[in-house]
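Numbering (the UniProt record's numbering), first residue to last: 1 to 210.
Ideal Cβ placement from N, Cα and C applies to all residues, glycine included.
Here's the structure, in structure tokens; my notes come after.
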Amino acid sequence: MQQEELGLAEATDAQAFVSGVLTELGSSDPEDLLEALVRLRALRERLTDWEPRLIDAARAAGISWTQLAPALGVASRQAAERRYLRLNPNATGPAMTGEQRVQAARDQRASDRAVAAWARENAADLRRLAGQVTSLDGLDHPTQASVDRIHVALGSNDTAALLAPLAEAGPRLTRDHPNLAGRISEIADRTDEVRATSKQRADQTKQEGT
């Protein structure tokens, strides 16, 4: 059997082949045993690929980590999330180990919370700037589309929702509205500082815990 990725039909065939070999272990041909091991490895790799994809779909459908826990064979919401992060190499970096991905995800959430807190503390300034940007007229189509996303974000109760569309629109405003583009750039620099400070605190906490 070639070592390509298995589709659903191939996975079913591989499972049936392995089951057949297992029922005749005492009299199995050596070649069949080797083939069964090859198929089992390919099947295991495919199942490992499918599980995080199913979890992604479940989360997108509104299923909570608490609901997922028993389906994944774990006891808690935290354990379900940790299992997902270990299985999904694309979650936070393919070169990381499972535990490193878990920690990286935690660090990312911590920095996101720090930026959101900063945005709430500076809500008046951010909303004022966003209002000035959305009042511009005569914009080209791509820039107007970015500004429209800022307008939508202004309707959110969470001021942090303004950060991404502002960052997207900033470079498009550089030529015709350099002052506004410069202020947006300053916000991006400030949020980068907030994230860096959050990471430094996390690193210090980890060092103190070792």
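Here R201 carries a helix assignment [DSSP, helix/strand/coil]. Only residues of its own chain outside the window of five on either side were considered, and among them T159 have a CB closer than 8 angstroms to the CB of N122, listed in chain order. Inclusion of L43 and A14 in the CB contact set at 9 angstroms is warranted, their separation being smaller than that value. Within the model, the alpha-carbon separation for L72 versus R39 is close to 24 angstroms.
Taking C-beta separations shorter than 6 angstroms and ignoring five residues to either side along the sequence, the partners of A116 in its chain run A160, following chain order.
The beta carbon of A75 lies closer than 7 angstroms to those of A69 in the same chain, with the five residues before and after it left out. Contact between the segment 143 to 155 and the segment 191 to 201 is absent: fewer than three C-beta pairs spanning the two stretches fall below 8 angstroms. Cβ neighbours of S28 within its own chain (closer than 7 angstroms, five residues either side excluded): V21. At the C-beta level, L163 and L136 stay beyond 9 angstroms of one another.
Here A130 is actually not in contact with L180; their C-beta atoms are around 10 angstroms apart, not less than 8 angstroms.
In this structure E45 does not touch L87 by the C-beta definition: roughly 11 angstroms separates them, more than the 8 angstroms allowed. For S19, the uninterrupted alpha helix (DSSP H) segment begins and ends at 8 to 22. Per DSSP, reduced to three states, the secondary structure at D29 is coil, with no helix or strand assignment. Residue state for G138 is assigned as coil, using DSSP reduced to three classes. If you look at R82, you'll find it in the alpha helix (DSSP H) that goes 77 to 87.
G131 sits in a helix when the DSSP states are folded into three classes. The residue among L47, E81, T48 with its C-alpha nearest the C-alpha of I63 is E81. In the same chain as T48, and ignoring 5 residues on each side of it, the C-beta atoms closer than 8 angstroms to its own belong to L87, in chain order.
Per DSSP, the continuous alpha helix (DSSP H) segment holding P70 begins and ends at 65 to 72. Inclusion of R172 and T134 in the CB contact set at 9 angstroms is not warranted, their separation being larger than that value. Excluding the 5 residues flanking it on each side, L154 has same chain C-beta neighbours closer than 6 angstroms at A130, in chain order.
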